[in-house]
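Peer 1: Here it is, the structure, as structure tokens.
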Amino acid sequence: MLTQNLRIERLSPLNRTDFFKVLGEGEFGDCCFCVFWWQPSHEGWGDRTCEQNRQFREELFTLNVNDGFLLYIKDVPQGWCQCGPRDQWKTLLNKYNLDPDPTVWAITCFVLNSEMMGKGVSHLFLSEVLTVLKSQEVKKVQAYPHLGKGLKSGDVWPGPLSIYEKAGFRTIKQDERRPVLELSL
Numbered sequence: 114m115l116t117q118n119l120r121i122e123r124l125s126p127l128n129r130t131d132f133f134k135v136l137g138e139g140e141f142g143d144c145c146f147c148v149f150w151w152q153p154s155h156e157g158w159g160d161r162t163c164e165q166n167r168q169f170r171e172e173l174f175t176l177n178v179n180d181g182f183l184l185y186i187k188d189v190p191q192g193w194c195q196c197g198p199r200d201q202w203k204t205l206l207n208k209y210n211l212d213p214d215p216t217v218w219a220i221t222c223f224v225l226n227s228e229m230m231g232k233g234v235s236h237l238f239l240s241e242v243l244t245v246l247k248s249q250e251v252k253k254v255q256a257y258p259h260l261g262k263g264l265k266s267g268d269v270w271p272g273p274l275s276i277y278e279k280a281g282f283r284t285i286k287q288d289e290r291r292p293v294l295e296l297s298l
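With the numbering used here, letter number 181 in the sequence shown gets 294, and the count goes up by one each step, no holes.
Written as structure tokens, this is what we have:
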């Protein structure tokens with residue numbers, strides 16, 4: 114059974130190598146290293162090099178910033194979910210025109226290796242993440258899926274709308290391309 118072989122781990126310097134296997138060497142080796150929302154602005158983002166982003170991620174590891182969860186299936190890293198207190202990402206607040214609220218957490222990236230897609234893994238992964246957040250007394254979680262026709266797999270890095278809807282998220286800010294969803298835990 115898949116659930117017996119699935120586990121998540123909070124990102125830490127101890128699983129740093131696995132993080133880079135998922136986001137550096139795997140299908141998502143687009144050089145972001147999930148530092149997009151950490152930038153003070155997105156001006157010049159497209160000019161940043163892989164090395165600059167990797168170095169920024171290394172600095173986050175050095176500072177012990179644990180901003181997400183890795184998914185393991187049979188002890189192999191297969192996915193990543195960036196998740197943390199929403200207000201730490203000021204560019205996220207600005208992009209979505211959100212007022213600061215220290216009680217809200219955000220899921221800003223949710224990716225799975227393609228061989229795991231279509232097997233219900235993303236739903237299980239999200240469920241596990243939400244269980245951990247609830248155990249940490251997080252009260253609200255937001256997600257920001259990309260919508261539209263013809264999206265490529267690289268465009269759905271915030272996670273597909275369907276997994277959030279199935280988990281009970283509701284739309285709190287309508288937008289035809291980038292809605293804001295929220296779940297009360």
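For every residue, glycine included, the Cβ atom is placed at its ideal position computed from N, Cα and C.
#1: Taking the alpha-carbon of F214 as reference, which of W150, W270, V251 has the nearest alpha-carbon?
#2: So does the region 283-291 actually touch the region 236-253, counting three or more Cβ pairs closer than 8 angstroms?
#3: Alpha carbon to alpha carbon, how far is A256 from R199? Give it in angstroms, no decimals.
#4: Give the C-beta separation of L298 and L237 to the nearest angstrom, bearing in mind that I take them to be a contact with Cβ-Cβ under 8 angstroms.
#5: Whole-angstrom Cβ separation of W202 and W150, contact assumed at under 8 angstroms?
#6: Assign E122 to one of three DSSP states: helix, strand, or coil.
#7: Helix, strand or coil for Q249, going by three-state DSSP, please let me know.
#8: Can you list, in chain order, the residues of its chain with a C-beta nearer than 8 angstroms to that of V148? Leave out the 5 residues immediately preceding and following it.
Peer 2: Quick look at the numbers:
#1: Reading off the sequence shown, one finds Asp at residue 214, where the question assumed Phe. Nearest C-alpha to D214: V251.
#2: no
#3: 10 angstroms
#4: The Cβ separation is near 17 angstroms, so there is no contact.
#5: Right, the Cβ-Cβ distance comes to about 4 angstroms (below 8 angstroms), so this counts as a contact.
#6: strand
#7: coil
#8: N166, F169, R170, L173
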